[in-house]
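S.K.: Residues in the sequence shown are numbered from 88 upward in steps of one, following the working numbering.
Don't be surprised by glycine CBs; every beta carbon is placed ideally from N, CA and C.
What follows is a structure written as structure tokens; I'll ask about it next.
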Amino acid sequence: MNDVVLRFADVSRTFRSGDDDVQALDAVGFEVRAGELVAIMGPSGSGKSTLLAIAGGLDLPTSGVVSVEGIALGGLTATELARLRRDRIGYVFQNLNLVADLTAAENVALPRELAGLSARVARREALAALAEVGIAHLAHRFPDQMSGGQQQRVAIARALIGERRLVLADEPTGALDSRTGEAVLEVLRSRVDGGAAGVLVTHEPRYAGWADRTIFLRDGRLIDTTGPRVPVEHLLGGAS
Numbered sequence: 088m089n090d091v092v093l094r095f096a097d098v099s100r101t102f103r104s105g106d107d108d109v110q111a112l113d114a115v116g117f118e119v120r121a122g123e124l125v126a127i128m129g130p131s132g133s134g135k136s137t138l139l140a141i142a143g144g145l146d147l148p149t150s151g152v153v154s155v156e157g158i159a160l161g162g163l164t165a166t167e168l169a170r171l172r173r174d175r176i177g178y179v180f181q182n183l184n185l186v187a188d189l190t191a192a193e194n195v196a197l198p199r200e201l202a203g204l205s206a207r208v209a210r211r212e213a214l215a216a217l218a219e220v221g222i223a224h225l226a227h228r229f230p231d232q233m234s235g236g237q238q239q240r241v242a243i244a245r246a247l248i249g250e251r252r253l254v255l256a257d258e259p260t261g262a263l264d265s266r267t268g269e270a271v272l273e274v275l276r277s278r279v280d281g282g283a284a285g286v287l288v289t290h291e292p293r294y295a296g297w298a299d300r301t302i303f304l305r306d307g308r309l310i311d312t313t314g315p316r317v318p319v320e321h322l323l324g325g326a327s
């Protein structure tokens, strides 16, 4: 597959801090195609999370163009942008953003119900997504009844439910042990291999190894890109 799902064209983002302007992103340009997983790496403050927020339409660039499947996000109304995020973009937040009063299954089903699916169909899809990340047995639990790692997997299931064309993950393995983290990356890799485009922010080289390419940021600038991805047997401990 070679169709472009996400495109950054000369994207910059400047924030005002007191009397100073802080350049979070500086003329960043890249593309992510269907069937491709791209990892974003860089030191703290390099602009990784800002890039992901802009890719998901949660923030807008100061200059440049961001498009998803050819649709320029800056040209959408707030309602159109919300619909695009709900229907086409799966986002795993670093702080998870689970709804405390909803069970795991209800949290995962929520975006599908908002998209107009019946509660019964949305729940069936939610249970399948929870099974995909290995926690179907926790469907009836509330977030405060689960460990941090279990909550992380609920958030990942919510991002994967439905036909998401773009999956954005901000440190999705942060609360997980290495074995569970690898299992989560296998799920993400499988979804991308099935035709989605994926962007993974991580500080762990072993997780970046699951990606087709790695983009390195420093001080808001794209400084390097590497690829291709490491063979799966190496990532799973099949080679030293």
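#1: State yes or no: is the C-beta of Glu123 within less than 8 Å of the C-beta of Val279?
#2: Assuming Ala140 and Thr289 form a contact by the criterion Cβ under 8 Å, report the distance between their Cβ atoms to the nearest whole angstrom.
#3: Mind checking Ile310: buried by the 16 CB within 10 Å criterion, or exposed?
#4: Three or more C-beta pairs under 8 Å: does that hold for the segment 221-240 against the segment 257-271?
#5: Select from Thr164, Asp174, Gly281 and Val115 the residue whose C-alpha is nearest the C-alpha of Thr149.
#6: Excluding sequence positions up to five away, which residues of its chain have a Cβ less than 7 Å from the Cβ of Ala226?
#7: By DSSP, does Gln110 sit in helix, in strand, or in coil?
#8: Going by DSSP in three states, Gly143 sits in which element: helix, strand or coil?
#9: Following the continuous alpha helix (DSSP H) through Leu171, name the residue where it begins and the one where it ends.
#10: On the criterion of 16 or more Cβ atoms from any shown chain inside 10 Å, does His321 qualify as buried, or is it exposed?
#11: List in chain order: all unbroken beta strand (DSSP E) runs of 3+ residues lying wholly within the segment 246-296.
#12: Which of helix, strand or coil does DSSP assign to Gly116?
#13: What is the DSSP secondary structure of Thr101, counted as helix, strand or coil?
#14: Determine the burial state of Gly325: buried for a count of at least 16 other Cβ atoms within 10 Å of its Cβ, exposed for fewer.
#15: Among residues of its own chain, excluding the 5 on either side of Val119, which ones have a beta-carbon nearer than 7 Å to its beta-carbon?
M.R.: Looking at the atomic coordinates:
#1: To locate residue 123, count along the sequence shown from 1; it is residue 36. To locate residue 279, count along the sequence shown from 1; it is residue 192. Contact flag set, yes.
#2: On the sequence shown, residue 140 is found 53 positions in, with the first residue counted as 1. On the sequence shown, residue 289 is found 202 positions in, with the first residue counted as 1. Not quite, the Cβ-Cβ distance comes to about 16 Å (not below 8 Å), so this is no contact.
#3: Mapped onto the sequence shown, residue 310 falls at position 223. It is exposed - the Cβ of Ile310 has fewer than 16 other Cβ atoms within 10 Å.
#4: yes
#5: Reading the sequence shown from its first residue, position 62 is the one you call residue 149. Measuring from the Cα of Thr149, the nearest candidate turns out to be Val115.
#6: Working through the sequence shown from its first residue, we reach residue 226 at position 139. Apart from sequence neighbours up to five positions away, the residues of its chain that approach Ala226 with a beta-carbon distance below 7 Å are Thr190, Ala191, Ala192, Leu214 and Leu217, ordered along the chain.
#7: On the sequence shown, residue 110 is found 23 positions in, with the first residue counted as 1. The answer is strand: DSSP assigns Gln110 an E or B state.
#8: Walking along the sequence shown from the start, residue 143 turns up at place 56. Looking at Gly143 - three-state DSSP - the assignment turns out to be coil, as it is neither helix nor strand.
#9: Within the sequence shown, residue 171 is the residue found at index 84, counting from 1. For Leu171, the enclosing alpha helix (DSSP H) covers residues Ala165 to Arg175.
#10: Position 234 of the sequence shown, counting from 1, holds the residue named residue 321. No answer about His321 holds up, because its pLDDT of 48 lies below 50 and its placement is not dependable.
#11: 253-257 and 284-288
#12: Translated into the one-based positions of the sequence shown, residue 116 becomes position 29. Three-state DSSP puts Gly116 in a strand.
#13: Within the sequence shown, numbered from 1, the residue matching residue 101 stands at position 14. Here Thr101 sits in strand by DSSP.
#14: Within the sequence shown, residue 325 is the residue found at index 238, counting from 1. For Gly325, the predicted structure reports a pLDDT of 43, less than 50, and the residue's modelled location is therefore unreliable. A value from the coordinates is still provided. Counting Cβ neighbours within 10 Å, Gly325 comes out exposed, since fewer than 16 surround it.
#15: Here residue 119 is taken as the residue at index 32 of the sequence shown, counted from 1. Correct list, in chain order: Val92, Leu93, Val125, Ala284 and Val286.
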